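In the numbering used here, the protein residues as written are 203 to 325. Note that the Cβ used here is the ideal one computed from N, Cα and C, for glycine as well. Treat the numbers as computed from the prediction; the structure is a model and nothing was measured. Report on one structure; see the data block that follows.
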Amino acid sequence: MDTGKIKDNIKYYEGYEGETETIITYKNVSYHIWNGYIEDIFGDPVLSGDDWNGFTRDYNEMVGAYGDDVVEFIISPEEYKADLLLYDKKNFNYEETKEVYEMILSILDMAVNDNEVVSVTSE
203 MDTGKIKDNI
213 KYYEGYEGET
223 ETIITYKNVS
233 YHIWNGYIED
243 IFGDPVLSGD
253 DWNGFTRDYN
263 EMVGAYGDDV
273 VEFIISPEEY
283 KADLLLYDKK
293 NFNYEETKEV
303 YEMILSILDM
313 AVNDNEVVSV
323 TSE
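Okay, here's the thing in structure tokens:
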């Protein structure tokens with residue numbers, strides 16, 4: 203459902219309503235992503251826990267957007283993009299996960315290039 207000025211993109215959450223989702227908001231669009239895709243990307247980290255940053259740290263340590271009582275978490279697009287790029291060659295379990303990966307990377311690229319903020323929420 204669209205909420206006012208923010209448009210909702212539910213392509214990667216459709217069919218999973220009621221399950222946990224990650225919402226990435228950039229400019230005027232909220233991208234709703236089924237957490238199964240997020241788990242497929244970040245659930246088996248490529249680095250040891252001491253080296254975690256970005257999504258890997260937040261998702262696996264349950265902090266930031268994935269912590270308790272966080273409504274909206276503003277992220278550093280540069281840090282999260284660098285973290286995401288570590289998973290570029292990973293073989294994913296779901297066909298759509300690669301599309302989700304590319305979409306998140308594209309959002310972070312735009313944010314870095316435009317010097318804009320990105321927020322992440324987990325519900």
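Ordered along the chain, which non-local residues of its own chain (more than five positions away) have a Cβ less than 7 angstroms from that of G251?
none
Measuring straight from C-alpha to C-alpha, what distance separates G238 and M264?
15 angstroms
Skipping 5 residues on each side, what residues in its chain have a beta carbon closer than 8 angstroms to that of N295?
D242
Could you work out which residue in I226, K213, G217 is closest to P279 when comparing CA atoms only?
I226
Which residues mark the beginning and the end of the alpha helix (DSSP H) in which E297 is found?
297–316
Spatially closest choice to G256 from I276, D271, D270, by CA coordinates
I276
Report all residues from its chain with a CB closer than 7 angstroms to the CB of D260; omit the five preceding and five following residues, and keep chain order.
The answer, listed in chain order, is G266, A267, Y268.
I think T323 touches D285, with their Cβ atoms under 8 angstroms apart; what is that distance to the nearest whole Å?
Going by Cβ atoms, the distance from T323 to D285 rounds to 18 angstroms, so no, they are not a contact pair.
Who are the near neighbours of E325 in its chain, counting only those whose CB is closer than 6 angstroms to its CB and skipping five residues on each side?
E223
Report the three-state DSSP secondary structure of N262 (helix, strand or coil).
helix
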